[in-house]
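Report on the structure given below.
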Amino acid sequence: MDSFRYFIFGEHIMKKLLQFLTPVLVIFLGGFAAQADPVDLTTWSPLTLDYSGGQPAGNWVLQAGNTAVKQTVNADPSFYLNNLNQTSYSMDGSWQVDPGWDDDYMGFVFGYQNSSNFYLFDWKQGTQGYEGAIATEGMTVKKMKGATGNGLTDLSLAEFWENENDLGEMEILAKNHGAGKGWVDGDVYSFHLDFNLVPGTFTINVKDASDNILWDVTVTDSTFTSGEFGFYNYSQENVLYAGFEQTGGTTVPEPATILLFGVGLAGVAGVRLRKK
1009 MDSFRYFIFG
1019 EHIMKKLLQF
1029 LTPVLVIFLG
1039 GFAAQADPVD
1049 LTTWSPLTLD
1059 YSGGQPAGNW
1069 VLQAGNTAVK
1079 QTVNADPSFY
1089 LNNLNQTSYS
1099 MDGSWQVDPG
1109 WDDDYMGFVF
1119 GYQNSSNFYL
1129 FDWKQGTQGY
1139 EGAIATEGMT
1149 VKKMKGATGN
1159 GLTDLSLAEF
1169 WENENDLGEM
1179 EILAKNHGAG
1189 KGWVDGDVYS
1199 FHLDFNLVPG
1209 TFTINVKDAS
1219 DNILWDVTVT
1229 DSTFTSGEFG
1239 FYNYSQENVL
1249 YAGFEQTGGT
1259 TVPEPATILL
1269 FGVGLAGVAG
1279 VRLRKK
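Numbering of the sequence shown is given in the numbering used here, commencing with residue 1009 and proceeding in unit increments.
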């Protein structure tokens, strides 16, 4: 009887101890899990839509440590892509433009399917016309949706430049324009993206070095619910992207992979049927 009492008493103590420790462990492990290493950029690859009669191709230079890259050329629309078709992730990092004379576009691409189908966040320092289009000072979220998957065929330089009105295969999803809303030479900015954590939505948050929120926007659009992430420049040299960290992320097989997998399953099923 005494041993039974001791057992009940010990079980009671263990329950109380677990009730006390569980919140502590959740906080501790949650904080531990949130720690992410900067992304190794050696597996990323550059891509420039090098238009005839346009500017040169981009020049993406990997920095020491492989967690930062600088685009050094005043180029046609140029990307640095992570080559991962993913959904449901967050991405954080910083970027800046070296002091200089230019005032054009820097930003990010996500939900990238191919060179004419993707979401684009771009940021213009100063208002300027080019290729018959208008670029207003400030930030813009765009959707490119081309028919062939080839950006050189589906998209024009004007569609990359325009940020006030929809043009061709470019649709504006959100904008934050106006005097004083351009980026500043030499200033470091932080970028945060939540992509498809809530199905059919993405959120972008941009802060300055003092942690002031410059833009916090959530867009509802389900055209691209997975895709590659990358850095983006257009006609802007000496942009440094550094210390990017990803949390979460589910890899989505490419259609060709799914097809091969299906063929493989069909083959296995066929073998099993023959064995019967």
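Positions of the beta carbon are idealized from the N, C-alpha and C atoms, including for glycine.
Extent of the continuous alpha helix (DSSP H) to which residue i belongs
{"i": "Phe-1168", "result": "1165-1169"}
{"i": "Asp-1162", "result": "1159-1162"}
Outcome for residue i when other beta-carbon atoms lying within 10 angstroms are tallied against a minimum of 16
{"i": "Val-1077", "result": "buried"}
{"i": "Val-1069", "result": "exposed"}
{"i": "Thr-1075", "result": "buried"}
{"i": "Glu-1262", "result": "exposed"}
{"i": "Pro-1085", "result": "buried"}
{"i": "Ala-1072", "result": "exposed"}
{"i": "Ala-1155", "result": "exposed"}
{"i": "Asp-1106", "result": "exposed"}
{"i": "Gln-1079", "result": "buried"}
{"i": "Val-1081", "result": "buried"}
{"i": "Asp-1162", "result": "buried"}
{"i": "Gly-1186", "result": "exposed"}
{"i": "Thr-1056", "result": "buried"}
{"i": "Gly-1101", "result": "buried"}
8 Å Cβ cutoff met for residue i and residue j
{"i": "Ser-1243", "j": "Asp-1112", "result": "yes"}
{"i": "Glu-1170", "j": "Ala-1143", "result": "yes"}
{"i": "Ile-1221", "j": "Val-1149", "result": "no"}
{"i": "Thr-1259", "j": "Ser-1096", "result": "no"}
{"i": "Phe-1129", "j": "Met-1147", "result": "yes"}
{"i": "Leu-1092", "j": "Glu-1245", "result": "no"}
{"i": "Met-1099", "j": "Gln-1254", "result": "yes"}
{"i": "Lys-1132", "j": "Gly-1190", "result": "yes"}
{"i": "Phe-1203", "j": "Val-1214", "result": "no"}
{"i": "Phe-1087", "j": "Phe-1239", "result": "yes"}
{"i": "Glu-1145", "j": "Gly-1134", "result": "yes"}
{"i": "Trp-1223", "j": "Asn-1184", "result": "yes"}
{"i": "Gly-1137", "j": "Asp-1193", "result": "no"}
Nearest to residue i (by Cα), restricted to the options the options
{"i": "Ala-1182", "options": "Gly-1061, Thr-1095, Thr-1228, Asp-1193", "result": "Thr-1228"}
{"i": "Asn-1241", "options": "Thr-1050, Ser-1198, Val-1047, Asn-1067", "result": "Asn-1067"}
{"i": "Glu-1139", "options": "Tyr-1097, Gln-1063, Gly-1190", "result": "Gln-1063"}
{"i": "Thr-1051", "options": "Ala-1217, Leu-1089, Gly-1137, Gly-1157", "result": "Leu-1089"}
{"i": "Trp-1103", "options": "Ala-1141, Asp-1048, Ala-1217, Leu-1128", "result": "Ala-1217"}
{"i": "Lys-1151", "options": "Tyr-1249, Pro-1054, Gly-1176", "result": "Gly-1176"}
{"i": "Phe-1232", "options": "Ser-1124, Ser-1053, Gly-1061", "result": "Ser-1124"}
{"i": "Ala-1141", "options": "Tyr-1127, Gly-1119, Ala-1044, Leu-1165", "result": "Leu-1165"}
{"i": "Asp-1195", "options": "Gly-1159, Val-1247, Leu-1205, Phe-1116", "result": "Val-1247"}
{"i": "Ser-1060", "options": "Ala-1083, Asp-1045, Ala-1044, Ser-1053", "result": "Ala-1083"}
{"i": "Asp-1058", "options": "Gly-1159, Asp-1045, Lys-1153", "result": "Gly-1159"}
{"i": "Asn-1122", "options": "Lys-1153, Asp-1045, Gly-1208", "result": "Lys-1153"}
{"i": "Val-1206", "options": "Asp-1219, Thr-1226, Tyr-1197", "result": "Thr-1226"}
8 Å Cβ cutoff, residue i in contact with chain D
{"i": "Leu-1248", "result": "Going by chain labels, chain D is absent from the structure shown, which holds only one protein chain."}
The beta strand (DSSP E) enclosing residue i, as first and last residue numbers
{"i": "Glu-1253", "result": "1247-1259"}
{"i": "Leu-1181", "result": "1178-1185"}
{"i": "Leu-1089", "result": "1086-1089"}
{"i": "Thr-1226", "result": "1221-1228"}
{"i": "Trp-1103", "result": "1094-1105"}
{"i": "Gln-1121", "result": "1113-1122"}
{"i": "Gly-1146", "result": "1146-1153"}
{"i": "Tyr-1059", "result": "Where Tyr-1059 is concerned, there is no enclosing beta strand (DSSP E), given that its DSSP letter is neither H nor E."}
{"i": "Val-1077", "result": "1076-1079"}
{"i": "Gly-1073", "result": "From DSSP, Gly-1073 is part of no beta strand (DSSP E); its letter is neither H nor E."}
{"i": "Asp-1202", "result": "1197-1203"}
{"i": "Asn-1125", "result": "1125-1132"}
Distance between beta carbons of residue j and residue i, contact taken as under 8 Å
{"i": "Phe-1252", "j": "Val-1047", "result": "5 Å"}
{"i": "Phe-1118", "j": "Leu-1201", "result": "6 Å"}
{"i": "Ser-1230", "j": "Gly-1256", "result": "Contact flag wrong, Cβ pair sits at about 18 Å."}
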